[in-house]
Amino acid sequence: MRRRFLKATLVFWGIVGVIAGGIPGSVAEEARLPPYPDPRRLEDAIVAFETQDRIDPPPPGAVLCIGSSSIRYWHDTLADDLQPLTLIPRGFGGSTLLDVLFYSSRVVTPYRPRAILLYEGDNDVSGGISAARVKATFEQFVEVVRATLPETRLYVLSLKPSPARWHRWPVMNETNDRLRQTCADDPLLDYIDIASPMLGSDGLPLPGIFLEDQLHLNRRGYDIWTREVRKVMVKQETAHE
361 MRRRFLKATL VFWGIVGVIA GGIPGSVAEE ARLPPYPDPR RLEDAIVAFE TQDRIDPPPP
421 GAVLCIGSSS IRYWHDTLAD DLQPLTLIPR GFGGSTLLDV LFYSSRVVTP YRPRAILLYE
481 GDNDVSGGIS AARVKATFEQ FVEVVRATLP ETRLYVLSLK PSPARWHRWP VMNETNDRLR
541 QTCADDPLLD YIDIASPMLG SDGLPLPGIF LEDQLHLNRR GYDIWTREVR KVMVKQETAH
601 E
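Residue numbers (our numbering): 361 to 601.
This is the structure:
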């Protein structure tokens, strides 16, 4: 227990370094890019989760579904889409991977989840964060999970291609490649490709799967996500029950 505490403490100070821009990579490249936004801007959302948890505590050993608004917009149908798994929906709009890392001691580890389904990186790249920095931030999040939840499996959704952010797709696609490589090296990490089935034969995002903002998914879009997540996460987690 003491060893885990010390490791978690070291990881926390690593988070401070991430916020300050101390991510490995090309110094010249990173100096030209904007920093991550301050995670404390989302404090109200985290307090709301903690209030909800006190009123209706989630069961231990469930699957935590966490990430940005693409997870938040999925809240209403997650339980039906990914049945029979017991889920804890914790999407908070506008969040980045750094935000999940920063608040992990409050909205990840307290739940003691058997598995985590994560969707982040979309807002990171849209905000100018490089693929290398997203990968490094993800690896720090994995360290936090390993330090506190050593047996928890992590399922990582690829960044989605959307018309609203199509100009960012090359960096998003590079980010997906880096996340895929990281997951390939760890038996407790699973990469779920939801991007490929969202692209048509012309290589562009499929029409009719987004809301009017051309960024968030409609029911047809979530049907694609449901199918791909069920192939990997639901199949694997159900087999372990």
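Ideal Cβ positions, reconstructed from N, Cα and C, are used throughout, including at glycine.
None of the values given here were measured: they were computed from a predicted structure.
Check: Going by Cα to Cα distance, which pick from 596, 552, 572 is closest to residue 584?; Outcome: 552
Check: CA-CA distance, residue 542 and residue 492?; Outcome: 12 Å
Check: Cβ atoms of residue 393 and residue 488: under 8 Å apart, would you say?; Outcome: yes
Check: Is it buried or exposed, residue 607, if we count other Cβ atoms within 10 angstroms and call 16 or more buried?; Outcome: Here the chain has residues from 361 to 601 only, and residue 607 is not among them.
Check: Answer with buried or exposed for residue 468, where buried requires no fewer than 16 other C-beta atoms within 10 angstroms of its C-beta.; Outcome: buried
Check: Could you check how far apart the C-beta atoms of residue 593 and residue 515 are, in whole angstroms? I think they sit under 8 Å.; Outcome: 5 Å
Check: In this structure, what does DSSP give as the bridge partners for residue 570?; Outcome: 577
Check: Mind checking who residue 450 pairs with in its DSSP beta bridge?; Outcome: 426
Check: Does the Cβ of residue 561 have 16 or more other Cβ atoms within 10 Å, making it buried, or fewer, making it exposed?; Outcome: exposed
Check: Specify, as a first and last residue, the run of the alpha helix (DSSP H) that residue 461 falls within.; Outcome: 457 to 462
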